[in-house]
Amino acid sequence: MTEKTALIPATHAAPPARFSHGVRKGNILQVAGQVGFLPAVPGQPPTPAGPTLREQTLQTFANVKAVLEEGGATWDDVMMMRVYLTDVDHFAEMNEIYDAYFEEQGLKAPAPARTTVYVGLPKGLLIEIDALAVLG
Amino acid sequence: MTEKTALIPATHAAPPARFSHGVRKGNILQVAGQVGFLPAVPGQPPTPAGPTLREQTLQTFANVKAVLEEGGATWDDVMMMRVYLTDVDHFAEMNEIYDAYFEEQGLKAPAPARTTVYVGLPKGLLIEIDALAVLG
Amino acid sequence: MTEKTALIPATHAAPPARFSHGVRKGNILQVAGQVGFLPAVPGQPPTPAGPTLREQTLQTFANVKAVLEEGGATWDDVMMMRVYLTDVDHFAEMNEIYDAYFEEQGLKAPAPARTTVYVGLPKGLLIEIDALAVLG
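Residue numbers (full-length UniProt numbering), protein chains in the order written: chain U, 1 to 136; chain Y, 1 to 136; chain X, 1 to 136.
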């Protein structure tokens, strides 16, 4: 029996429902959809890092990374990134931010696969990302 | 060679195309996108459990669960739930139904991760859910 | 330590950002979102196979298959297909194309699970598909 562990970074607000920000079981780690919320402040509602795509994307990366690290993983273990944008016109700018971020992170393994689609998100949110990692 | 098995609950109508409601291979189990269709009645087209979000969500959960069980899994094995809604205004109500349902199911392991996005669905359908489980 | 490998079919243009068309690690293979782009021609921008759903769907299948094969997998190893359409009215036609294609491919294992949702895609693209495979 392999244990299933909830991954709960100290920076993260409690999820708005009965789900985990991430779970790991054996070598599989799934990160829940992360958005650009700043580190949680007790007693205050979740607040996006800012109104811009850049601010939200970088904060979303930080939030995904915190869940990965909580589960003993790094970006190098990530197999798939699912990027949800609200506006097709954000694609080019998101890619620039994406490339610069991963350049800076210094990946040692091949970059993950990725799917980007355009959906509705709660008001004020421009991007959401989830990730599947395989460790070991 | 690990066998890949199709998971076909007796309650489910045949899929509208050449895909399986679920598949299992080794310890990985993938549930296809489920909607709120009632148990199939031979000779009749698939019918949603009702027009409300509550009716459809609960039926969708039942349909996901049937596929999990067909593959020897339980909710506790689920790593990721992907929830597709058609309307951002349904988020709060879906979360209430979600929490009450999983409270009632008595999970022993940590809750799965989850991503919720807002998409288009066929007319009359308000919610679709798929799930990835890791057994053992 | 299991190696993570990037899957880069010779026919594929470089991705528009720092991601891989596919990755494999151990027995898990993830195909990135593929669209109906024709085989890349050096010095030319990616071009869809045609304006119709049929042309784009068949080319998308070919592109997914090329990534699977690059990783030593076949359609029979695919657990999950995620199909993104832009228009609910395309569902029936896509299913016809889907069924005929997989009939022709002669699957030996059960068909993968599938989720189909309706999202926005970049102008001119009618379908995007990604896939998760488990080998062995």
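All residues carry an ideal CB built from backbone N, CA and C; glycine is no exception.
Quick caveat: nothing in here was measured; it's all calculated off a predicted structure.
Counting only residues of its own chain and dropping the five nearest sequence neighbours on each side, Thr5/U has a CB closer than 6 Å to the CB of Arg24.
The three-state reading of DSSP puts Thr2/X in coil, since its state is none of H, G, I, E or B. Proximity of Val119/U to chain X, defined by a Cβ-Cβ separation below 7 Å, is satisfied.
For the region 14-30 of chain X, the residues whose beta carbon sits under 9 Å from a beta carbon of chain U are, in order, Pro15, Pro16, Ala17, Arg18, Phe19, Ser20, His21, Gly22, Val23, Arg24, Lys25, Gly26, Ile28, Leu29 and Gln30. Bounds of the beta strand (DSSP E) holding Gln34/Y are Ile28 to Gln34.
Inclusion of Ala111/X and Met80/X in the CB contact set at 7 Å is not warranted, their separation being larger than that value. Ala17/Y is the residue among Ile8/Y, Ala17/Y and Glu3/Y whose C-alpha sits nearest the C-alpha of Tyr98/X. With a minimum length of 3 residues, the unbroken runs of beta strand (DSSP E) contained wholly in the region 58-134 of chain Y fall at 78-85, 113-118 and 127-134. Burial check for Asp77/X: the Cβ neighbour count within 10 Å reaches 16 or more, so the residue is buried. Distance from the Cα of Leu38/X is smallest, within the candidate group Ala32/X, Gln56/X and Gly22/X, for Gln56/X. At a cut-off of 7 Å between C-beta atoms, Pro110/X counts as an interface residue with respect to chain Y.
The C-beta distance from Leu85/Y to Leu126/Y rounds to 7 Å, short enough to meet the 8 Å contact threshold.
Using a Cβ-Cβ distance cut-off of 8 Å, the region 27-46 of chain Y and the region 88-108 of chain Y are not in contact, since fewer than three pairs of beta carbons, one from each stretch, lie closer than that value.
With fewer than 16 other beta carbons inside 10 angstroms of its own, Lys123/X counts as exposed.
Residues Thr115, Ile129 and Asp130 of the same chain have their beta carbon placed closer than 7 Å to that of Arg82/Y, with the five preceding and five following residues left out of the count.
Judged by DSSP in its simplified three-state form, Arg24/X adopts strand. Between His12/X and Leu53/X, the C-beta spacing is not below 7 Å.
Within its own chain, the residues whose Cβ lies closer than 8 Å to the Cβ of Val88/U, once the five positions on either side in sequence are excluded, are Tyr118, listed in chain order. As the crow flies, the alpha-carbon of Trp75/U is around 7 Å from that of Lys65/U. With a 10 Å radius around the Cβ and a threshold of 16 neighbouring Cβ atoms, Ala32/Y comes out buried. The criterion of a C-beta distance shorter than 7 Å is satisfied by Asn27/U and Val134/U.
Val41/X and Leu7/X have their C-alpha atoms roughly 19 Å apart.
Nearest CB-CB separation between Lys4/Y and chain X: below the 7 Å threshold.
Between Ala49/X and Gln59/X, the CB-CB gap stays under 7 Å. As the crow flies, the alpha-carbon of Val35/X is around 26 Å from that of Glu103/U. One finds nothing in chain X with a Cβ atom closer than 8 Å to the Cβ of Asp130/U; even the nearest lies about 13 Å away. Within the region 38-60 of chain X, no residue places its CB atom closer than 8 Å to a CB of chain Y. Counting the other CB atoms within 10 Å of its CB gives Glu3/X a total below 16, which places it among the exposed residues. Apart from the 5 residues on each side of it in sequence, Gln30/U sits with its Cβ closer than 7 Å to the Cβ of Gly22, Val23 and Leu132 in its chain, given in chain order. Among the residues facing chain Y, Pro9/U is not included, as its CB has no counterpart in that chain under 7 Å away.
As a beta-bridge residue in DSSP terms, Phe37/Y pairs with Pro48/Y. Between Glu70/Y and Pro9/Y, the C-beta spacing is below 7 Å. Of Phe61/U, Ala92/U and Ser20/U, the smallest CA-CA separation from Tyr101/U is found for Phe61/U. DSSP places Leu7/Y in the coil class of the three-state scheme, outside both helix and strand.
In the structure shown, Arg18/X falls within a coil segment according to DSSP collapsed to helix, strand and coil.
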